[in-house]
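In the order they appear, the protein sequences are chains A and B.
Here the first sequence stands for residues 2 to 425, numbered as in this note's numbering.
Here the second sequence stands for residues 4 to 124, numbered as in this note's numbering.
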Amino acid sequence: MRGRTRDVREENMREEREKGDEGEGCDCGCGVIWWCWMGWHDAFRREFPQLVRFDEQGRVYGDSAATTLKPRVFLNALRDAYEGLNANVHRGQYALSMEVSEAYDQAKREILSRLGLSPSVYEAVTVRNATEALNLAAHLVTRLYPGERVVGSVAEHHSNLLPWRERGVHVTRPFGEDGVVEVDGEIVSVTGMTNTTGHAPRVDRMVRHARLVIVDAAQLASHLSLPGVDMLAVSAHKVYASQGVGFLFIRKRIVEEAVEKHIPPLTPGGGTVARVSMEEHVYRDDALRFEGGTPPIVETIAFAKTLAWLERFRERLRVHEKRLARVVEEHVERLPRGARVLSLPWQREKGIVSVWHERLHAHDLASLLDREGVMVRAGWHCAQPFHEYHGARATVRFSSGAYTREEDIIRFFDAYARIVKKYA
Amino acid sequence: MDVDELMHAYLHAEKRALPGAVRGEALNPSCGDACTVYLVIKDGVIQDASFTGDSCAVSTAYTARLVEKLKGMRVADAKRLREEDVLVLFGTPDAPRLGCALLGYRALQRALKAYEEEGKA
Chain A
2 MRGRTRDVRE ENMREEREKG DEGEGCDCGC GVIWWCWMGW HDAFRREFPQ
52 LVRFDEQGRV YGDSAATTLK PRVFLNALRD AYEGLNANVH RGQYALSMEV
102 SEAYDQAKRE ILSRLGLSPS VYEAVTVRNA TEALNLAAHL VTRLYPGERV
152 VGSVAEHHSN LLPWRERGVH VTRPFGEDGV VEVDGEIVSV TGMTNTTGHA
202 PRVDRMVRHA RLVIVDAAQL ASHLSLPGVD MLAVSAHKVY ASQGVGFLFI
252 RKRIVEEAVE KHIPPLTPGG GTVARVSMEE HVYRDDALRF EGGTPPIVET
302 IAFAKTLAWL ERFRERLRVH EKRLARVVEE HVERLPRGAR VLSLPWQREK
352 GIVSVWHERL HAHDLASLLD REGVMVRAGW HCAQPFHEYH GARATVRFSS
402 GAYTREEDII RFFDAYARIV KKYA
Chain B
4 MDVDELMHAY LHAEKRALPG AVRGEALNPS CGDACTVYLV IKDGVIQDAS
54 FTGDSCAVST AYTARLVEKL KGMRVADAKR LREEDVLVLF GTPDAPRLGC
104 ALLGYRALQR ALKAYEEEGK A
């Protein structure tokens, strides 16, 4: 095995994959012996075609918080489903339609359980993305609890701020040192993990004192483990799968309550109704009441398959991402003079950093970093209030994904320091 | 686009307001950059031009060269300036920076408009 050329190894790996990834037992238990030869994380990274291209170009992708790169298993699942499971999900028609409906329902259940939520407790309402999920949450909450305010943190993404503000119910409260937003019997809608700094608020502690808890889990979901709160918003494209599909995970009993109180869907239309006449209509009395139009069926199925694949790396990724967060913390301590970061007073859990400079503008820094082969985002990252809270200018953000290496983070910080030294 | 040349222009750009000038402002909402262009016009000729504002290197450098070019220019010629005429000042920037490079140009358009309105008043 050792001493074979790279081409032969590639050929063998391709054969192994085609055989269904079943290899002889290996040291690390990943099941594919060839992968052990190169280290599990290298093998994991090679499953992301766009990442392989970036590696070949010597470039680093530092924008996973904006959207994640996609693994081959996801791309294959998408293509396979469109090739063989392409039909709409309205029930009771031809066999393929029933098969697709079953696959779609099963995918939802699988997505819930792989993310740590029980399908017997939660419904998964398919929407376009976390923004839409939060709009649906705001729609439901303000109708179930009219007049009640909703508490959010200073670090919210605009998508967990505007839907509440538009309904006149939002209140911002600062974090305590322990990662808790103080609530006293109120409804709280808080980020599960900030997209600017990778901090995860202590949602478990807030639950005890809140009337209802909604979590914007867009970023948190990439850590594959969600807290058991009342509602959660997720975007699949931030978890190594499709754009255009997201979910509002919602406790079944809240759906029942919404039905009892005759709350109409946010997006009324086909799929939400039990019957429609020339004069009137009756909405469905289950969660599908809130799913208007044909959902992203294939994308949902492909997301479930992606999560199933990620399962085999779960524990290793957990350790890996923790390590990346530590590397970020270490380098933040050593940033050059004039550079400042967005921060919160407890340890971050993901390798994300947003930094601004007194003399150098974020767009210039991002352009110069791009020329050095490091891809980062510049601007407000849909978290302008959080910038204002720090008195910050627009920031440059490097954000890790599961495939990010320690050396990628180091390369970002080194390039940043070099640029600042040269021009500031 | 030569990065060093541009950064030099940025770091040495002279920002000043012109009292009694007609002015135009432009904002880049994606980052909060703002730019104000001032024009002192007499007998249809731009006697003096300057700019102020907190903005990125690309925006500052292009605007600095643009106002230099405007000095002594007839208003009629300034009105005929196109985006391309501005972008060549440092060579076309990387695509994501086009908006930055044209911030001063947009402020100029507003200043020229304000001059026109003044003339009609």
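Heads up, the beta-carbon is just placed ideally off N, CA and C, and yes, glycines get one too.
C-beta contact flag for residue i and residue j at 7 Å
i      : j      : result
A/V189 : A/V214 : yes
A/L318 : A/L227 : no
A/F438 : A/A242 : Any question about residue 438 of chain A goes unanswered here, given that chain A covers just 2 to 425.
A/S154 : A/L135 : no
A/T197 : A/F387 : yes
A/V181 : A/R206 : yes
A/V216 : A/V208 : no
A/G380 : A/R360 : no
A/G294 : A/G272 : yes
B/A104 : B/T63  : no
B/S53  : B/C38  : no
Counterpart residues of residue i in DSSP-defined beta bridges
i      : result
A/H171 : A/V151
A/G380 : A/T396
A/W357 : A/R341
A/V277 : A/H282
B/K45  : B/V48
A/D64  : A/S400
A/F176 : A/V182
A/T132 : Bridge partners of A/T132: none, in fact.
Residue burial classification, residue i (beta-carbon count within 10 angstroms, cutoff 16)
i      : result
A/V191 : buried
A/E133 : buried
A/Q51  : exposed
B/A60  : buried
A/M279 : exposed
A/R378 : buried
B/P22  : exposed
A/T405 : buried
B/R109 : buried
A/H263 : exposed
A/H282 : exposed
B/G107 : buried
B/A124 : exposed
A/S368 : buried
B/L14  : exposed
A/L366 : buried
B/G47  : exposed
CB contact check: residue i to chain E, cutoff 7 Å
i    : result
B/M4 : Any reference to chain E falls outside this structure, whose protein chains are A and B.
Between the CA atoms of residue j and residue i - distance to the nearest angstrom
i      : j      : result
A/C27  : A/M39  : Its pLDDT being 47, under 50, A/C27 is placed unreliably by the model, and nothing is read from it.
B/F93  : A/A66  : 33 Å
A/E407 : A/R324 : 8 Å
A/P265 : B/R113 : 47 Å
A/P297 : A/Q385 : 31 Å
B/I49  : B/V70  : 10 Å
A/P147 : A/H391 : 33 Å
A/A96  : A/I353 : 47 Å
A/R144 : A/L221 : 27 Å
A/A237 : A/S401 : 16 Å
A/E330 : A/A305 : 33 Å
B/L42  : B/D7   : 29 Å
A/I302 : A/R47  : 23 Å
A/R80  : A/I410 : 33 Å
A/R168 : A/L137 : 12 Å
A/V356 : B/L115 : 37 Å
A/E373 : A/R398 : 15 Å
B/Y86  : B/K18  : Note that residue 86 of chain B corresponds to Glu in the displayed sequence, not to Tyr. Cα to Cα, the separation comes out at about 22 Å.
A/K71  : B/D51  : 55 Å
B/E119 : B/K72  : 20 Å
A/R73  : A/A44  : 12 Å
B/M10  : A/L249 : 47 Å
Own chain residues within Cβ distance below 7 Å of residue i, not counting five before or after
i      : result
A/H122 : The sequence given here places Val at residue 122 of chain A; His does not occur at that position. For A/V122, where only same-chain residues beyond five positions count, the Cβ hits under 7 Å are R252 and K253.
A/V375 : V61, G63, R412, F413 and A416
A/S344 : T198
A/A131 : S160, D217, A219, A234, V235, S236 and G247
Contacting residues, own chain, Cβ-Cβ under 6 Å from residue i (five flanking each side not counted)
i      : result
A/E23  : For A/E23, the pLDDT reaches just 41, beneath the cut-off of 50, and the residue's location in the model is therefore unreliable, although a value from the coordinates is still provided. Excluding positions up to five away in sequence, the list is empty.
A/D287 : none
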